[in-house]
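Everything on this sheet refers to the single structure shown next.
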Amino acid sequence: MDHEETQSLPPELETELDALMLKMREHEAEMKVVIDRHSLAWKRMEAEPSELAAEELQLAERAMAVVAKNIEVMTAQIDKVLGDLGIDPDDLKEPLPRQKNRLWQKDLEPDTVPKDKLEMEAALEGGLRQLLEYFPQPWVQRQLERGELLMRTRGLEPPFLLGGISAEPMLERNRFGYGLALSIALIEEDPHFDMYEAPTLIPQIAMLCESLGELQKVEGGIDKLRELRRAPGTEVDSRIYELLVAARAAEMGRRVSFIPTDPRSSTPDLRVHDMHFPVVIECKLQSRRAEIEAQAVRFMREIRQWFQQERQQNSSIIGDLRLRFTKPVARIKATDVCKDLADLWSGLNPFQQKQFDWGIADWRHLAPEIGLPTELKAFCPFYLEQIIARDDDQEDWDGLVLLVKEQFGPFAYSVKMPLYVRWRLESSEDQASLARNVVRLLG
0 MDHEETQSLP PELETELDAL MLKMREHEAE MKVVIDRHSL AWKRMEAEPS ELAAEELQLA
60 ERAMAVVAKN IEVMTAQIDK VLGDLGIDPD DLKEPLPRQK NRLWQKDLEP DTVPKDKLEM
120 EAALEGGLRQ LLEYFPQPWV QRQLERGELL MRTRGLEPPF LLGGISAEPM LERNRFGYGL
180 ALSIALIEED PHFDMYEAPT LIPQIAMLCE SLGELQKVEG GIDKLRELRR APGTEVDSRI
240 YELLVAARAA EMGRRVSFIP TDPRSSTPDL RVHDMHFPVV IECKLQSRRA EIEAQAVRFM
300 REIRQWFQQE RQQNSSIIGD LRLRFTKPVA RIKATDVCKD LADLWSGLNP FQQKQFDWGI
360 ADWRHLAPEI GLPTELKAFC PFYLEQIIAR DDDQEDWDGL VLLVKEQFGP FAYSVKMPLY
420 VRWRLESSED QASLARNVVR LLG
């Protein structure tokens, strides 16, 4: 409902409702105390199970039930006072503090829950400066300098991709710092921009920029944000996800707080304070990569390293190589694949399709040097498209490995000595693992 259509509270109800709301706030404070007591009793029970700990936990649960009932009764009284006058509490100009869960009603309307779309560059330009202000400026400067150096180094390495992103993501301690550096590089159009790591990091930074206002409403939210600069690289994505969940909850009108972590036990991440029953949230960011995909990356890494060693001794190994693994990758040895490929390359005609115990190798000819239509950023998607004929690439592949010679800067006029390797897992067992992962992510 638009602001002009909302109703003000009738003056004759102010005194009665003030008394009711004072009582409601007392119950709110009481609920916070009993929830904290329950959390402490739960931790004690997990750390040192005993009859005394179990009794304390039961008492805390009973106390929460009593307070929850009191809140439910108080909510009903407030709703009755307003309902007698035909007033919907959700239509008040100044909404009352609510404990009643109305998520299934107003909170799911399209104008309440924003659509999942994000203009990343606009979000970064609008909020990145504010985001950086939450961190010590010397630390920010170090991350930007280090990020620039990393981008230059990674930009000289031919891509090793899983789908359209890096098969070997940057998971060092300052992954968050690298995400900030990438975000600035995107805005400034830095020629060394790491385009294959950016898709996993920049959207997260952009969403943080969009969520700063709501995150300030979350108890402990800004402190959690500042902890990102010390977070291990493997935890950065999941911690950002927790922050975004908290911000979205606040955006939907929920009053939430981060629960202090206890190294001795596992605790939920967030507590919701304005429901009529105790609610905690455990955030679980599903991995973007299925275990079978991680296994395939490890497998292809061995093959890639073998090719690199062979090309140092025999730089003439080039071509468009397509590998179809019809046997489950868990039951294939990379050394066997490398031996078969070595035998194929050393034959009279390596450019052919051949069946092996593990699958099919289809090796096609590429020129020793491929000219580009114009100066291109090295290894960008358009650069990759120039290596093979577009009409000859109608199939979907799981990933690719590219090796070239004499690429010394961020731009290229030609591709020298290209070895373009793509692979796909085709066994029913591996395909089933990938399908289960997709269902898990969608569910």
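Counting along the sequence shown from 1, when you hit position 380 you're at 379 in numbering that gives the first Met the number 0, and nothing is skipped either side.
All C-beta atoms, glycine included, are put in the ideal place defined by N, C-alpha and C.
Using the three-state DSSP reduction, which class does residue i fall into: helix, strand or coil?
| i | result |
| --- | --- |
| L402 | strand |
| K105 | Reliability of the predicted coordinates at K105 is poor, the pLDDT of 32 falling under 50, and the value obtained from them is presented with this limitation in mind. Looking at K105 - three-state DSSP - the assignment turns out to be helix. |
| T266 | coil |
| L347 | coil |
| A366 | coil |
| K31 | helix |
| M416 | strand |
| A293 | helix |
| Q215 | coil |
| I387 | coil |
| E394 | coil |
| D89 | For D89, the pLDDT reaches just 47, beneath the cut-off of 50, and the residue's location in the model is therefore unreliable, leaving the point undetermined. |
| A411 | strand |
Can you tell me whether residue i is buried or exposed? The criterion is at least 16 other CB atoms within 10 Å of its CB, across all chains shown.
| i | result |
| --- | --- |
| I186 | exposed |
| E209 | buried |
| D335 | exposed |
| T74 | buried |
| P231 | exposed |
| N313 | exposed |
| N173 | buried |
| F355 | buried |
| F407 | exposed |
| P380 | exposed |
| D342 | exposed |
| S426 | buried |
Measuring only the C-alpha atoms, how far is residue i from residue j?
| i | j | result |
| --- | --- | --- |
| L365 | V296 | 25 Å |
| L371 | P158 | 18 Å |
| L143 | L243 | 24 Å |
| D193 | M251 | 35 Å |
| Q76 | H26 | 14 Å |
| P277 | Q285 | 25 Å |
| Y443 | E120 | Residue 443 lies beyond the residue range present for the chain, which begins at 0 and ends at 442; the question has no answer from this structure. |
| T14 | A28 | 21 Å |
| P168 | M299 | 15 Å |
| N69 | R24 | 11 Å |
| I446 | S182 | Lying outside 0 to 442, the shown extent of the chain, residue 446 is not represented and no answer is given. |
| H272 | E281 | 15 Å |
| R229 | R253 | 28 Å |
Within a Cβ cutoff of 6 Å, which residues of the same chain sit near residue i, ignoring the five residues on either side of it in sequence?
| i | result |
| --- | --- |
| E55 | A40 |
| L151 | It should be pointed out that residue 151 corresponds to Arg in this sequence rather than to Leu. Hits under 6 Å: H191. |
| S165 | Y195, E196 |
Less than 8 Å between C-beta atoms, sequence neighbours within five positions excluded: which residues of the same chain meet that for residue i?
| i | result |
| --- | --- |
| F489 | Here the chain comprises residues numbered 0 to 442, so residue 489 is not present and cannot be evaluated. |
| G162 | D397, G398 |
| L131 | V139, L179 |
| E147 | A180, A184, D189, H191 |
Between residue i and the rest of its own chain, which residues show a CB-CB distance below 7 Å, the 5 nearest in sequence each way excluded?
| i | result |
| --- | --- |
| W357 | F324, K326, I331, D335, V336 |
| L402 | P157, F306, Q307, R310, L418 |
Which ranges does the beta strand (DSSP E) cover as unbroken runs of at least 3 residues, wholly within the region 48–87, from first to last along the chain?
-> none
What beta strand (DSSP E) runs, 3 residues minimum, are completely inside the region 153–206?
-> Runs found: 159–161.
Would you mind listing the beta strand (DSSP E) stretches within the region 269–330 that are 3+ residues and don't spill past its ends, in chain order?
-> 269–271, 278–280, 318–324
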